[in-house]
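Chemist:
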Amino acid sequence: MLRSCHPQPRMMMPRTEMHAAVLLAACLFSWTVAATEDNYSMFTNNTFFENLEPVNLSVYIARPLLGIMEDGTTQNSPAYFRRRGGIGEASVDGTLNNHHTNASWGYLSSFFHGQGPWIHLDRSLSNTVHGLYAGREGYIVFDVVASPNMITVEADQMLLAGADPSLVHTTVAALGGVQWTQIRRWTYLSYDQWQYPESFEWQTNREYNRSWERLGPSGPQPALRGPQLSLRGPPPRGQPVEELSVPYEQRARSFMDFLTRFEDELRLMFVRLVDWDYTAEPRDFPLLRLGFGEDEHPPPTAALPTPEATTSRVESLQNTVLRQLDWENLDGPISAKGPSAQPETTTPTSVAPPSPKATTPPPGNHPVKRDEACHELYTIFEPRCDSISALHVDFSIGKAWTWGAGTNDAIGLLFGGARSTHPVTPLLKAPSGGDKVENLPVNLKSVFGSDIVPLRNITSIQLLDTPLESFWGPDWWKFGGITLTASCASNAQKLQLVDFNQVNEAIRNRVPVPYGPQVVWSRNINVTQWRLKR
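According to mature numbering (1 follows the signal peptide of the UniProt record, and there is no 0), the sequence shown holds residues -35 to -1, 1 to 499 in order.
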């Protein structure tokens, strides 16, 4: 209850203005503390539970990529959420009050009565992406670090409410949304790629703040579930929801106040990360008021014990490159400018550059080996290509010897790591010396069982010789060379494997009568052998 600041009977009135000021300040301080305490007067001491779960826990959320917005961003893309400060409900009419119903303020009832201030995520990546069929880059999946404003939804309550049984053990609900700096990474899904999580190509959020890793989600909070639901699912449309003495909107705000009390270092860090201070200005939902424009940046993303050290701006890509050069040993002309030479232009990208050295480049021109230096810098920042969406083959028969270099056999290509019952890619049938195939496509779906294949899954290449002449049997032939060209799944780059483009080796199938197919040439390969096609 609020304490009265009125003078009590029989009290001596202050004799000086100083005494009056002191008394007024004391009353105001007392009123502020009492008002703060009044936030909890409607709840018992055990309404909310101190049951934080394991820290640095990943949860996932998938969103379809929709049309272009007025600001030029694709709806639900990283740039879209960055400008809004994270993943959450947009405001209505430019205000933060979106006129929710009482049921939409409960983390369980909001499943059926509108999203409200809750964003639902999943601890299981496979559950998150299951069944997401779309065109090329039709969905985007975000990997988010769980935080105390995320509540584990009780499995038994979800079953009673009629939820999908496959989701009941993995769902969490985020009150107020997900902060942009809380997003660790993201990946785009194409076609049926959801069936092969190992093929996902994750892109790092360069503005991710590792301070989130010191926090974890909250366990169940029964006081925030929402109005009582029917055991068979949500109430019929138009049926009034149960009205409670304490609205769930007030419960949600009180829970945020409960999480942000100034009691320890971690709570203070959480206060700064979500910008919710119940002793300062009034706060409302969603929590996402710290969006970033194209030229704005959050604090740097180093793993810091507390947010106090996250006050400087993110270093630009240009300055990061300059700081990595060994200025004392450069031996060619290069123009270097100071840190203020270019404006900050950091945007969401798939590459997180190495930590810059703590050196400042000197002014003026400095010698450097032009080709070598540019190549090294390019390889540092070039986009990653961990999986491929297309593969083509160039294959040739060698030139003739004193006798013919061709063969009466059929030649096919096998790949180590293939997961299909149709792993052979036909190359040539009874070729002559000098014959070749160029840009022959490999059916990834037939050979590997997926339209998207991780490069690490292609472990070897083999040539399969199948005799076609039943009387003479297999004969000698000359293998000229083979080159593989792959298209990256996440960008427009192409890779090549050229280590075996000039083999020129005599080969023969040695299976005895009645003859049969045999692998006549094989080489192991790994991801380091693939090179960017220039």
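Note that CB positions come from ideal geometry on N, CA and C, so glycine has one too.
In this structure, how does DSSP classify Met115 when only helix, strand and coil are distinguished?
Modeler: As a first step, residue 115 must be located in the sequence shown, where it is residue number 150. Of the three classes helix, strand and coil, the one that applies to Met115 here is strand, per DSSP.
Chemist: Who are Phe46's beta bridge partners in DSSP?
Modeler: Locating residue 46 in the sequence shown gives position 81, where the first residue counts as 1. Paired residue(s): none; Phe46 is not in a bridge.
Chemist: Select from Lys498, Ser75, Leu405, Gln147 the residue whose C-alpha is nearest the C-alpha of residue 506.
Modeler: As displayed, the chain neither begins before -35 nor continues past 499, which places residue 506 out of reach and without an answer.
Chemist: Going by beta-carbon coordinates alone, are Trp177 and Val110 separated by less than 9 Å?
Modeler: For this step, residue 177 is matched to residue 212 along the sequence shown. For this step, residue 110 is matched to residue 145 along the sequence shown. Yes.
Chemist: Is Tyr98 buried or exposed, if buried means 16 or more other CB atoms sit within 10 Å of its CB?
Modeler: Walking along the sequence shown from the start, residue 98 turns up at place 133. With fewer than 16 other Cβ atoms within 10 Å, it is exposed.
Chemist: The beta strand (DSSP E) spanning Asp87 covers which residue range?
Modeler: Start at 1 with the first residue of the sequence shown, and residue 87 comes out as number 122. Element bounds for Asp87: 83 to 87.
Chemist: How big is the Cα-Cα spacing for Arg218 and Ile116?
Modeler: Here residue 218 refers to the residue found at position 253 when the sequence shown is read from its first residue. Here residue 116 refers to the residue found at position 151 when the sequence shown is read from its first residue. Straight-line Cα distance between these residues: approximately 14 Å.
Chemist: Using a threshold of 9 Å, state whether the C-beta atoms of His357 and Val407 are closer than that.
Modeler: Residue 357 sits at position 392 when you count from the first residue of the sequence shown. Residue 407 sits at position 442 when you count from the first residue of the sequence shown. In this structure, Val407 lies closer than 9 Å to His357 by Cβ.
Chemist: Taking Asn41 as the reference, which of Trp145, Glu119, Gly191 has the closest Cα?
Modeler: For the purposes of this step, residue 41 is taken as residue 76 along the sequence shown, with counting starting at 1. The shortest Cα separation from Asn41 among Trp145, Glu119, Gly191 belongs to Trp145.
Chemist: Helix, strand or coil for Val143 per DSSP?
Modeler: Stepping through the sequence shown from its first residue, residue 143 is reached at position 178. The answer is strand: DSSP assigns Val143 an E or B state.
Chemist: Quick check on the DSSP output: the alpha helix (DSSP H) that includes Gln215 runs from which residue to which?
Modeler: Against the sequence shown, residue 215 aligns to sequence position 250. Its alpha helix (DSSP H) spans residues 213 to 224.
Chemist: Of all the options Tyr480, Val484, Asn489, Asn456, which has the alpha carbon lying nearest to the alpha carbon of Gln168?
Modeler: For this step, residue 168 is matched to residue 203 along the sequence shown. Selected option, being the one with the closest Cα: Asn456.
Chemist: To the nearest angstrom, report how far apart Asn21 and Arg179 are at their CA atoms.
Modeler: Working through the sequence shown from its first residue, we reach residue 21 at position 56. Working through the sequence shown from its first residue, we reach residue 179 at position 214. Each residue's alpha carbon lies about 6 Å from the other.
Chemist: Can you grab the Cα-Cα spacing for the pair Phe220 / Gly37, in whole Å?
Modeler: Counted from its first residue, the sequence shown places residue 220 at position 255. Counted from its first residue, the sequence shown places residue 37 at position 72. Phe220 and Gly37: Cα-Cα distance of roughly 36 Å.
Chemist: To the nearest angstrom, how far is it from the Cα of Leu73 to the Cα of Leu252?
Modeler: As a working note, residue 73 is residue 108 in the sequence shown. As a working note, residue 252 is residue 287 in the sequence shown. Spanning the two alpha carbons is a distance of roughly 19 Å.
Chemist: Between the region 470 to 477 and the region 398 to 405, can you find at least three pairs of beta-carbon atoms closer than 8 Å?
Modeler: no
Chemist: Can you give the Cα-Cα distance for Glu230 and Ser69, rounded to whole angstroms?
Modeler: In the sequence shown, the residue the question calls residue 230 occupies position 265. In the sequence shown, the residue the question calls residue 69 occupies position 104. C-alpha separation (whole angstroms): 32 Å.
Chemist: Under three-state DSSP, which class holds Phe165?
Modeler: Residue mapping note: residue 165 aligns to position 200 of the sequence shown, counting from 1. Note: Phe165 maps to coil in three-state DSSP.
Chemist: When you compare the region 153 to 161 with the region 411 to 429, are there three or more beta-carbon pairs, one atom per stretch, that lie closer than 8 Å?
Modeler: These segments touch.
Chemist: If you compare alpha carbons, which of Leu31, Tyr45, Phe235, Pro192 is closest to Asn114?
Modeler: To locate residue 114, count along the sequence shown from 1; it is residue 149. It is Phe235 whose Cα lies nearest to the Cα of Asn114.
Chemist: Nearest CA to the CA of Pro391: which residue from Thr39, Val418, Pro482, Ala27?
Modeler: Within the sequence shown, numbered from 1, the residue matching residue 391 stands at position 426. The option with the nearest alpha carbon to Pro391 is Pro482.
Chemist: Using the C-alpha atoms, what's the distance from Leu449 back to Pro479?
Modeler: For the purposes of this step, residue 479 is identified with residue 514 of the sequence shown, where counting begins at 1. For the purposes of this step, residue 449 is identified with residue 484 of the sequence shown, where counting begins at 1. Cα-Cα distance, rounded: 33 Å.
Chemist: Could you tell me which residues DSSP pairs with Arg496 in its beta bridges?
Modeler: For the purposes of this step, residue 496 is taken as the residue at position 531 of the sequence shown. Bridge partners of Arg496: Gln461.
Chemist: Give every residue of the same chain whose Cβ lies closer than 7 Å to the Cβ of Phe165, excluding the five residues on either side of it in the sequence, and list them in chain order.
Modeler: Here residue 165 is taken as the residue at index 200 of the sequence shown, counted from 1. These residues qualify, in order along the chain: Thr152.
Chemist: Less than 9 Å separating the beta-carbons of Leu433 and Val485?
Modeler: Here the question's residue 433 lines up with position 468 in the sequence shown. Here the question's residue 485 lines up with position 520 in the sequence shown. In this structure, Val485 does not lie closer than 9 Å to Leu433 by Cβ.
Chemist: Using only the heavy atoms of the ligand HEM, determine whether one of them is closer than 8 Å to the beta carbon of Asp108.
Modeler: Ligands in the displayed structure: none, and consequently the ligand HEM is not present.
Chemist: For Val478, which three-state DSSP category applies?
Modeler: Walking along the sequence shown from the start, residue 478 turns up at place 513. Of the three classes helix, strand and coil, the one that applies to Val478 here is coil, per DSSP.
Chemist: Which residues mark the beginning and the end of the beta strand (DSSP E) in which Val407 is found?
Modeler: The count along the sequence shown starts at 1 and reaches residue 407 at position 442. Val407 -> no beta strand (DSSP E), and no H or E assigned at all.
Chemist: Check the C-beta distance from Pro185 over to Glu119 and give it rounded, since I have them as a contact under 8 Å.
Modeler: Numbered from its first residue, the sequence shown carries residue 185 at position 220. Numbered from its first residue, the sequence shown carries residue 119 at position 154. The C-beta separation of Pro185 from Glu119 comes to about 5 Å, placing the pair in contact by the 8 Å criterion.
Chemist: What distance in whole Å lies between the Cβ atoms of Ser397 and residue 544, which are believed to be in contact at a cut-off of 8 Å?
Modeler: One cannot answer for residue 544 here, as it falls past the ends of the chain, which runs -35 to 499.
Chemist: In three-state terms, what does DSSP make of Ala471?
Modeler: As a position in the sequence shown, residue 471 is number 506, starting the count at 1. Correct three-state label for Ala471: strand.
Chemist: Decide if Leu31 is buried, meaning its Cβ has at least 16 other Cβ atoms within 10 Å, or exposed.
Modeler: For the purposes of this step, residue 31 is taken as the residue at position 66 of the sequence shown. The residue in question, Leu31, is exposed, as its Cβ has fewer than 16 Cβ neighbours within 10 Å.
Chemist: My assumption, with CB atoms under 8 Å, is that Gly53 sits in contact with Gly142. Please give the rounded CB distance.
Modeler: Within the sequence shown, numbered from 1, the residue matching residue 53 stands at position 88. Within the sequence shown, numbered from 1, the residue matching residue 142 stands at position 177. Confirmed, Cβ separation roughly 2 Å.
Chemist: Is Asn489 helix, strand or coil when you go by DSSP?
Modeler: The count along the sequence shown starts at 1 and reaches residue 489 at position 524. Note: Asn489 maps to strand in three-state DSSP.
Chemist: Does DSSP put Phe250 in a helix, in a strand, or in coil?
Modeler: On the sequence shown, residue 250 is found 285 positions in, with the first residue counted as 1. Phe250 falls in the coil class under three-state DSSP.
Chemist: Going straight from the alpha carbon of Asn170 to that of Arg49, what length do you get?
Modeler: As a working note, residue 170 is residue 205 in the sequence shown. As a working note, residue 49 is residue 84 in the sequence shown. Distance between the alpha carbons of Asn170 and Arg49: 15 Å.
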